[in-house]
Amino acid sequence: MKARVTSIKMAKTVSVIVESKKTHPLYGKSYVSSKKYLADDQIGVSLGDIVEIEKIRPVSKYKHWRVVKIIGKDVVEIIEEKLKEEAEGAIEEVMPASLAGGPDEKEKDKQKEPVVDDSVDKKKLKEGRKTKVAK
1053 MKARVTSIKM AKTVSVIVES KKTHPLYGKS YVSSKKYLAD DQIGVSLGDI
1103 VEIEKIRPVS KYKHWRVVKI IGKDVVEIIE EKLKEEAEGA IEEVMPASLA
1153 GGPDEKEKDK QKEPVVDDSV DKKKLKEGRK TKVAK
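Taken in order, the sequence shown gives residues 1053 to 1187; the numbers are from the numbering used here.
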């Protein structure tokens, strides 16, 4: 069964998602059904890999699958990363950081502002307060 790796945070265990395309029996609309499994990872896969998993005897309470082999990388994520890098490069060419008001200018503005101490003595506040007299 083909699956995509969604989490590699555990030791020797990966979380995978199996997606299958189904059609509704009455309405005929197609939809994607997905199921998450925990799989035993002896190969050492990375996040976003497309892997083949097989059913095995229970290793733990929830881990009943094993990663057999790595089929490939998740193409969609790789393309999205490349597009983001290209977009950032194009933005930098059109609008340099000095014109865009980069972090350097913001830090300079913060340094120019005077620091004001807003702490006031409570006794002075109480002495200056006027209280209403009940008539």
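Even for Gly, the Cβ is constructed at its ideal location relative to N, Cα and C.
- DSSP lists no beta-bridge partner residue for Tyr1114.
- With a threshold of 16 other beta carbon atoms within 10 Å, Ile1105 meets it and is buried.
- Under the DSSP definition of a beta bridge, Lys1121 partners with Glu1104.
- Comparing alpha carbon positions, the residue from Tyr1083, Met1053, Tyr1114, Met1062 closest to Lys1074 is Tyr1083.
- Check the Cα spacing between Lys1061 and each of Ser1072, Ser1098, Ile1069: the tightest is with Ser1098.
- Between Ala1055 and Pro1148, the alpha-carbon positions lie close to 42 Å from each other.
- Non-local beta-carbon contacts of Lys1115 in its own chain, meaning distances under 8 Å to residues more than five positions away in sequence, involve Thr1065, Leu1090, Ala1091, Asp1092 in chain order.
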